[in-house]
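> Pasting in a structure now, in structure tokens, and then I'll have a few things to ask.
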Amino acid sequence: MQDGFIARHGLWSDAQQAAAELALARIRDADIRLIRLVWCDTHGWTRARTVTPSAFRAALADGYSIGAGSWSLDAAGGRVFQTFTKGGGMGLPEMTGSPNLILVPDPETFRPLPWAPGVAMILCDDYFRDGRPFFFSPRHLLRRVLTSAADRGVAPVIGLEVEWTLMRRMNGDGDDAVNQPGRRGAPPATAPVEPGFSYDSETYLDRVQPLISTLADHYSALDLGLRSFDNELGAGQLECTFDPKPAWNAAADFLIFRSATRQIARREGYLASFMTFPDGPGLFPSGWHLHLSLTDAETGRNLFTPDGDAALSPTGMSFLAGQLAHARNGIAFSAPTVNGYRRFRANSLAPDRVAWNVEHRGVMLRVLGGAGSTATRIENRVGEPAANPYLAMAAQIAAGLDGIARALQPFPPDDEPYQSDREMLPTSLSDALDLLEGSDFFRDAFGDTYLTYFLRMKRAEISRYQAFLSETGTDPDAGVTDWETNEYFDAF
Numbered sequence: 001m002q003d004g005f006i007a008r009h010g011l012w013s014d015a016q017q018a019a020a021e022l023a024l025a026r027i028r029d030a031d032i033r034l035i036r037l038v039w040c041d042t043h044g045w046t047r048a049r050t051v052t053p054s055a056f057r058a059a060l061a062d063g064y065s066i067g068a069g070s071w072s073l074d075a076a077g078g079r080v081f082q083t084f085t086k087g088g089g090m091g092l093p094e095m096t097g098s099p100n101l102i103l104v105p106d107p108e109t110f111r112p113l114p115w116a117p118g119v120a121m122i123l124c125d126d127y128f129r130d131g132r133p134f135f136f137s138p139r140h141l142l143r144r145v146l147t148s149a150a151d152r153g154v155a156p157v158i159g160l161e162v163e164w165t166l167m168r169r170m171n172g173d174g175d176d177a178v179n180q181p182g183r184r185g186a187p188p189a190t191a192p193v194e195p196g197f198s199y200d201s202e203t204y205l206d207r208v209q210p211l212i213s214t215l216a217d218h219y220s221a222l223d224l225g226l227r228s229f230d231n232e233l234g235a236g237q238l239e240c241t242f243d244p245k246p247a248w249n250a251a252a253d254f255l256i257f258r259s260a261t262r263q264i265a266r267r268e269g270y271l272a273s274f275m276t277f278p279d280g281p282g283l284f285p286s287g288w289h290l291h292l293s294l295t296d297a298e299t300g301r302n303l304f305t306p307d308g309d310a311a312l313s314p315t316g317m318s319f320l321a322g323q324l325a326h327a328r329n330g331i332a333f334s335a336p337t338v339n340g341y342r343r344f345r346a347n348s349l350a351p352d353r354v355a356w357n358v359e360h361r362g363v364m365l366r367v368l369g370g371a372g373s374t375a376t377r378i379e380n381r382v383g384e385p386a387a388n389p390y391l392a393m394a395a396q397i398a399a400g401l402d403g404i405a406r407a408l409q410p411f412p413p414d415d416e417p418y419q420s421d422r423e424m425l426p427t428s429l430s431d432a433l434d435l436l437e438g439s440d441f442f443r444d445a446f447g448d449t450y451l452t453y454f455l456r457m458k459r460a461e462i463s464r465y466q467a468f469l470s471e472t473g474t475d476p477d478a479g480v481t482d483w484e485t486n487e488y489f490d491a492f
């Protein structure tokens, strides 16, 4: 591993070098026979190549070569970019002809999969063959933002609070489930696992205790730091909360949690969906609440904790102000699906406008903690559970850091946010993308190349949705459409 691609380009830290040796030892000791080399695409999906231990050992020196084709596909596998033209349809010489990329494993993310004996996984980063970070990698984007934070002497810490929907599968996949490029097949028939709308019901939660126990055991084996399972409002709606971790680790944990949950549930005869608002009797919108604080990079001290009666420290107030300032322009990273905007309704436990307050679940940014509390933090309630964690976290952290850099101050808190005159959140993905396109801040923070790519990718998704509405005469205001169900329910 000392003279391969990874060493030549200096892509690993000393800690990763040591973790690589530990991974090889675990493969031997645990009789691991297959390893999934996993990467995260723009949609927040986990894609993978499965390799043998000998191929994995080679990848720890030279990486693993893959085609760039998946990066040209939208969420339904439709080709958005003409990859076999000059510039790959993107105006980028490096993308001509769908070239090979190099997957570089991150040894600190190596984990045996407890539900798949003899199989392990490891998260990877995408690089060009000359060692440059790949343009479109969400992990590289978050790494860039975290480097900016480190340059300021601060380290973001994030706690995950994720709602999702559990359904019982009633049949297998039929012919109508088969996908075509740009068109998702129908999801399997499902039924609720409990009647719903009995918030925090112990009895209803017990109906799925065997699966919850299995999930909890597997989460523990994956070192995800699970804190709780909650029975939420909707039928089969659950919430999982996790210990706060450094942002880099929290993003990986979210990605692995979502993938693991779906795979384990399917093996047990269930369907776990992270679609925001599934269609069906008793189903209720789900959100992803991102709990974020900044710590001193050297001492670990929470920099949001106030000394007196203020909601946050001066640093925390400026960070909050930055999040407020860029909330509308950056919401597409936290709510990246057509379906996600059905959640933003008044008096629904979800925000509908850019507002904040202390301990208030009707606002977008909820401040928790206070004087003397080392757990002081900002809870952003705008995210959907289908969001890409790397992009959502990068956007929130970048916005907050901008608030600190410019010493911004937030407007007053709102006790009645749904009656306030604050700016409304976008009501559609299309509107959110228009706002993002006009944001000089996010164009600078994420780079023009990535922002242009993201906008084209998501607008292709919207185009397919609008074509469905036109072809079928469906009224999108009448409720969740069949297109949304096919596009998101089983795929996310």
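Residue numbers are given in the UniProt record's numbering: position 293 of the sequence shown equals residue 293, and the series is strictly consecutive. Think of the CB as a built atom: it goes at the ideal place given N, C-alpha and C, for glycine as much as any other residue.
Just how far apart, CA to CA, sit T374 and V363?
Your numbering for residue 374 matches position 374 in the sequence shown. Your numbering for residue 363 matches position 363 in the sequence shown. Approximately 22 Å, taken between the alpha carbons.
> Please state the DSSP three-state secondary structure of L271.
Residue numbering aside, residue 271 sits at position 271 when the sequence shown is read from its first letter. Strand at L271.
> From the DSSP output, in three-state form, read off E239 for me.
Taking the sequence shown and counting its residues from 1, the one referred to as residue 239 is at position 239. Strand.
> Closest to H326 by CA distance: which of L103, D309, A392, Y341 is it?
One-based indexing of the sequence shown puts residue 326 at position 326. For H326, the nearest C-alpha among the options comes from A392.
> Could you give the DSSP three-state label for N339: helix, strand or coil?
Taking the sequence shown and counting its residues from 1, the one referred to as residue 339 is at position 339. Note: N339 maps to helix in three-state DSSP.
> Quick check for students: name the residue ranges of the beta strand (DSSP E) that lie wholly in the UniProt domain "GS beta-grasp" (30-131), counting only runs of 3 or more.
Fully enclosed beta strand (DSSP E) runs of 3 or longer: 34-40, 46-51, 64-67, 100-105, 119-127.
> Determine, using beta-carbon pairs with one atom in the segment 168-181 and one in the segment 239-247, whether at least three such pairs fall under 8 Å.
Taking 8 Å as the limit for Cβ pairs, the verdict is that the segment 239-247 does not touch the segment 168-181.
> Using a Cβ-Cβ cut-off of 6 Å (strictly less than) and excluding sequence neighbours within five positions of S228, which residues of its own chain qualify?
Against the sequence shown, residue 228 aligns to sequence position 228. Hits under 6 Å: T241.
> Any contact between the segment 308-315 and the segment 423-432? By contact I mean 3 or more CB pairs, one from each, below 8 Å.
The answer is no - the segment 423-432 does not touch the segment 308-315, with fewer than three Cβ pairs under 8 Å.
> Contact defined as beta carbons within less than 8 Å: I believe D279 pairs with V480. What is the distance between those atoms, to the nearest angstrom?
As a first step, residue 279 must be located in the sequence shown, where it is residue number 279. As a first step, residue 480 must be located in the sequence shown, where it is residue number 480. Correct: roughly 4 Å between the Cβ atoms.
> If you scan the segment 163-223 from start to end, which runs of the alpha helix (DSSP H) of 4 or more residues do you find wholly inside it?
You should have 202-206, 209-221.
> On a Cα-Cα basis, can you pick out the residue from Y270, R129, R381, F197 that is closest to Q209?
Residue mapping note: residue 209 aligns to position 209 of the sequence shown, counting from 1. Of the listed residues, the one whose Cα sits closest to Q209 is Y270.
> Assuming V145 is part of the alpha helix (DSSP H), what are its boundary residues?
Taking the first residue of the sequence shown as 1, we reach residue 145 at position 145. Segment 138-151, the alpha helix (DSSP H) holding V145.
> Which residues share a DSSP beta bridge with A155?
Along the sequence shown, read from residue 1 onward, the residue named residue 155 stands at position 155. According to DSSP, which records beta bridges pairwise, A155 is partnered with T295.
> Should R129 be labelled buried (16 or more other beta-carbon atoms within 10 Å of its own) or exposed?
Walking along the sequence shown from the start, residue 129 turns up at place 129. Result: exposed.
> Please say whether G234 and L283 have beta carbons closer to each other than 8 Å?
If you number the sequence shown from 1, residue 283 lands on position 283. If you number the sequence shown from 1, residue 234 lands on position 234. Their beta carbons are under 8 Å apart, which means L283 touches G234 by this criterion.
> In or out: A251 buried (at least 16 other Cβ within 10 Å) or exposed?
Here the question's residue 251 lines up with position 251 in the sequence shown. Classification of A251: buried, given that the 10 Å Cβ count is 16 or more.
> With DSSP collapsed to three states, give me the class of R28.
Here residue 28 corresponds to residue number 28 of the sequence shown, with the count starting at 1. The answer is helix: DSSP assigns R28 an H, G or I state.
> Mapping the DSSP letters down to three states, classify S228 as helix, strand or coil.
As a first step, residue 228 must be located in the sequence shown, where it is residue number 228. Looking at S228 - three-state DSSP - the assignment turns out to be strand.
> The alpha helix (DSSP H) spanning T471 covers which residue range?
Residue mapping note: residue 471 aligns to position 471 of the sequence shown, counting from 1. One point to set straight first is that residue 471 is Glu, not Thr, in the sequence displayed. From DSSP, the alpha helix (DSSP H) with E471 extends over 448-472.
> Taking buried to mean at least 16 other C-beta atoms within 10 Å of its own C-beta, is V178 buried or exposed?
Numbered from 1 along the sequence shown, position 178 holds the residue referred to as residue 178. By the 10 Å Cβ count, V178 comes out exposed.
> When the Cα atoms are used, what is the spatial distance from P336 to Y418?
Within the sequence shown, residue 336 is the residue found at index 336, counting from 1. Within the sequence shown, residue 418 is the residue found at index 418, counting from 1. If I take the Cα positions, the gap works out to 23 Å.
> Note down, in chain order, each residue of its chain lying with its Cβ closer than 7 Å to the Cβ of P352, except the 5 sequence neighbours on either side.
Within the sequence shown, numbered from 1, the residue matching residue 352 stands at position 352. The amino acid at residue 352 is misidentified as Pro; the sequence shows Asp. Once the five neighbours on either side are set aside, the close Cβ partners of D352 are F344, R345, A346, Y418, M424, L425.
> Between R456 and Y450, what straight-line distance do the alpha-carbon atoms span, to the nearest angstrom?
As a position in the sequence shown, residue 456 is number 456, starting the count at 1. As a position in the sequence shown, residue 450 is number 450, starting the count at 1. When rounded, the distance between both Cα atoms is 10 Å.
> Kindly indicate the opening and closing residues of the beta strand (DSSP E) around E486.
Within the sequence shown, numbered from 1, the residue matching residue 486 stands at position 486. Note that residue 486 corresponds to Asn in the displayed sequence, not to Glu. From DSSP, N486 is part of no beta strand (DSSP E); its letter is neither H nor E.
> Where are the alpha helix (DSSP H) runs, 4 residues long or more, that stay fully inside the segment 314-367, in chain order?
List check, alpha helix (DSSP H) in window: 314-325, 327-334.
> Can you list, in chain order, the residues of its chain with a C-beta nearer than 6 Å to that of S439? Leave out the 5 residues immediately preceding and following it.
Mapped onto the sequence shown, residue 439 falls at position 439. Same-chain partners within the cutoff: N329.
> Could you check the C-alpha separation between S54 and F81 for me, to the nearest Å?
Here residue 54 corresponds to residue number 54 of the sequence shown, with the count starting at 1. Here residue 81 corresponds to residue number 81 of the sequence shown, with the count starting at 1. Distance between the alpha carbons of S54 and F81 is about 35 Å.
> Tell me, please, whether the segment 59-76 touches the segment 90-104 by the rule of three or more beta-carbon pairs shorter than 8 Å.
With the cut-off at 8 Å, the segment 59-76 and the segment 90-104 touch.
> With burial defined as no fewer than 16 other Cβ atoms inside 10 Å of the residue's Cβ, what is the status of Q2: buried or exposed?
Taking the sequence shown and counting its residues from 1, the one referred to as residue 2 is at position 2. So Q2 ends up on the exposed side.
> Considering only residues of the same chain and omitting the five flanking positions on each side of A191, which have a CB-CB separation below 7 Å?
Within the sequence shown, numbered from 1, the residue matching residue 191 stands at position 191. The residues are M167, R168, M170.
> On the DSSP bridge assignment, give the partners of G383 in chain order.
For the purposes of this step, residue 383 is identified with residue 383 of the sequence shown, where counting begins at 1. For G383, which the question treats as bridged, DSSP gives the partners W288.
> Between the C-alpha atoms of V154 and A407, what's the straight-line distance to the nearest angstrom?
Counted from its first residue, the sequence shown places residue 154 at position 154. Counted from its first residue, the sequence shown places residue 407 at position 407. Near 16 Å, if we compare the C-alpha coordinates of A407 and V154.
> In this structure, how does DSSP classify R406 when only helix, strand and coil are distinguished?
By one-based count along the sequence shown, residue 406 stands at place 406. Reduced to three states, the DSSP call for R406 is coil.
> Of all the options F5, H289, D29, R262, which has the alpha carbon lying nearest to the alpha carbon of T46?
Stepping through the sequence shown from its first residue, residue 46 is reached at position 46. Measuring from the Cα of T46, the nearest candidate turns out to be R262.
> Are A48 and E108 closer than 8 Å when you measure CB to CB?
Residue mapping note: residue 48 aligns to position 48 of the sequence shown, counting from 1. Residue mapping note: residue 108 aligns to position 108 of the sequence shown, counting from 1. No.
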